[in-house]
Ligand code: GCU
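In this note's numbering, the protein residues as written are 115 to 540.
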């Protein structure tokens, strides 16, 4: 009995871990199939000529995504931002500064405020930047730094400090919350990040209520669209700063935030590159795929992520007018990295590859380099449509950071001097 009581906290942690794992990764026991030729081609087929040649076709397709999956892009929703406030003048032993801006989206009482934290490297030139959107709070992304928490207090430690945080890090990877900013500084990149739930809470019911009150001419009806607009607002603040090179601003996110990074890249064409890591359904995975989470399950578990209109298609997915290869096609020619884990079957690396394969023709026609044709295991970071598959599950591990930085170095106009370019293998 005493043995049991003593180990109670550990047993509770283990129990929760199993629950979390089964919810987020279906235990990660399976491997994604590497066979793509034996599966159905993405539907509807892409009209490559029309998509590349006519902005009207692109607009219609974007409209179809808004009407069915994501709801409207909140065009014209007011964005304001404060001056940068220096959080740490000697960040990373003086390699740069850590600063924070308050961004407000919307108008009236329902306007939303979130904190964008940015690490600026010391440089005599303007720097390219990558903007990340996270599950974890800014306290956890920048542990030990006195950034402002969502409740407006000053961060004192991170929610990842305790046993639970350690367990989560074990499962979801070293960099699931904490950001290795020095790796981005090595490339001369600035790094900015915000906690998505500070903008629109990741909670069914609450999210819709918050979005309805944001006070725009058009309000978002899905959290994914609202979070994408958050990326856009962050770009507004960053491009207004002369330290940032506004032609070289990338966005990135993991999982649900990979979905919103892809959307931001389509609806805000200032985005110069996208990293969508394990974005899964409503991201880069095909909605009609038969493996992984599936759009139907996702829309039922997380209805607030998508437009309420999607519910009408769930009993007959074949009737869905769009699929995600078309989202990737709309992104062309913007460089995109689709990150995947072989055991993260839940986010469906196989259909993600097939979506990219189909969209490749549009990248090729746009004069950008499409997917290199050598299968799911070939990683070509130079390609404008880059697909990365590593072993392991739903996580952010050091190898992913290698892939992200190599891709960014290649696409933000050789942000890295050649001697620091990283050679990586999967
Ligand atoms: C859940 C959800 C996925 C999502 C993931 C995440 O697992 O089912 O669609 O991508 O959470 O955001 O981590």
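Where a beta carbon is used, it is the ideal one built from N, C-alpha and C, also for glycine.
Residue 446 to residue 162, Cα distance in whole Å?
-> 11 Å
Residue 255 versus residue 305: straight-line alpha-carbon distance, rounded | 11 Å
Among 208, 222, 193 and 203, nearest to residue 229 - alpha-carbon criterion:
193
Practice problem: Compare the C-alpha of residue 319 against each of 185, 280, 422 and 444 and name the closest. | Solution: Comparing Cα-Cα distances from residue 319 to each of 185, 280, 422 and 444, the minimum goes to 422.
Report task. Closer than 6 Å by C-beta to residue 389: which residues in its own chain qualify, once you throw out the five before and the five after it? Chain order, please. Result -> Only 366, 451 and 518 meet the Cβ criterion.
- prompt: Any heavy atom of the ligand GCU closer than 7 Å to the Cβ of residue 402?
  reply: no
Note to self: Per DSSP, what are the beta-bridge partners of residue 505 in this structure?
What the structure shows: Per DSSP, none; premise fails for residue 505.
For this session: For the stretch 388-417, list the alpha helix (DSSP H) runs that are entirely contained and at least 4 residues long, ordered along the chain.
Result: 409-415
Ignore the nearest five residues each way along the sequence and tell me which others in residue 137's own chain have a CB closer than 7 Å to its CB. Residue placement at residue 137 is poorly supported in this model, since its pLDDT is 48, which falls under 50; the coordinates are not used for a value here.
Quick one: which unbroken beta strand (DSSP E) runs of 3-plus residues sit fully inside the stretch 276-331? Chain order, please.
-> Those beta strand (DSSP E) runs which fall completely within the stretch 276-331 and span 3+ residues are 304-309.
Quiz item: What three-state label does DSSP hand residue 146 in the structure shown?
Solution: Residue 146: coil per DSSP, three-state reduction.
Decide if residue 454 is buried, meaning its Cβ has at least 16 other Cβ atoms within 10 Å, or exposed. It counts as buried.
Handout entry: C-alpha distance - residue 171 paired with residue 185, whole-angstrom precision
Key = 18 Å
Review point. Which two residues bound the contiguous beta strand (DSSP E) that contains residue 362?
Key: 358-368
Is residue 391 a contact residue of the ligand GCU, with contact defined as CB to any heavy atom under 7 Å? Remark: the shortest separation between the CB of residue 391 and any heavy atom of the ligand GCU does not fall under 7 Å.
Going by the DSSP bridge assignment, what does residue 202 pair with across the sheet? Residue 202 pairs with 212.
Can you find at least 3 beta carbon pairs, one from the stretch 154-168 and one from the stretch 414-431, that sit closer than 8 Å? no
Exercise. In three-state terms, what does DSSP make of residue 511?
Worked result: If DSSP states are grouped into helix, strand and coil, residue 511 belongs with coil.
Along the chain, where does the alpha helix (DSSP H) containing residue 470 start, and where does it finish? 463-479
By how many angstroms is the C-alpha of residue 189 removed from the C-alpha of residue 331?
7 Å
- Which one of 457, 398 and 339 has the shortest CA to CA distance from residue 442? 398
**Q.** First and last residue of the uninterrupted beta strand (DSSP E) at residue 453
**A.** 450-455
- Can you grab the Cα-Cα spacing for the pair residue 325 / residue 152, in whole Å? 42 Å
Neighbour-count burial assignment, residue 558, 16 or more Cβ in a 10 Å radius: Nothing about residue 558 can be read from this structure; the chain reaches only from 115 to 540.
Next item on the list: Take the Cβ of residue 148 as the centre, count every other Cβ of all protein chains shown within 10 Å, and call the residue buried at 16 or more, exposed below.
Entry: Taking all protein chains shown into account, residue 148 has fewer than 16 neighbouring C-beta atoms within 10 Å of its C-beta and is therefore exposed.
TODO: List the residues that DSSP assigns as beta-bridge partners of residue 219.
DONE: 193 and 226
**Message:** Counting C-beta neighbours from all protein chains within 10 Å, is the total for residue 155 16 or more, i.e. buried, or is it exposed?
**Reply:** By the neighbour-count rule (16 or more Cβ atoms within 10 Å), residue 155 is not buried but exposed.
Taking all protein chains shown into account, do 16 or more other C-beta atoms lie within 10 angstroms of the C-beta of residue 383, making it buried, or fewer, making it exposed?
Per the 10 Å Cβ criterion, exposed.
Cα-Cα separation, residue 200 to residue 211
7 Å
Would you mind working out which of 168, 419 and 232 sits nearest residue 311, comparing C-alpha positions?
419
From the DSSP secondary-structure annotation, give me the bridge partner or partners of residue 268.
262
- Message: Going by C-alpha to C-alpha distance, which of 314, 173 and 486 sits closest to residue 335?
- Response: 314
Discussion item. Does the contact criterion of 3 or more C-beta pairs under 8 Å hold for the stretch 202-219 versus the stretch 274-288?
Written reply: no
Take the Cβ of residue 265 as the centre, count every other Cβ of all protein chains shown within 10 Å, and call the residue buried at 16 or more, exposed below. exposed
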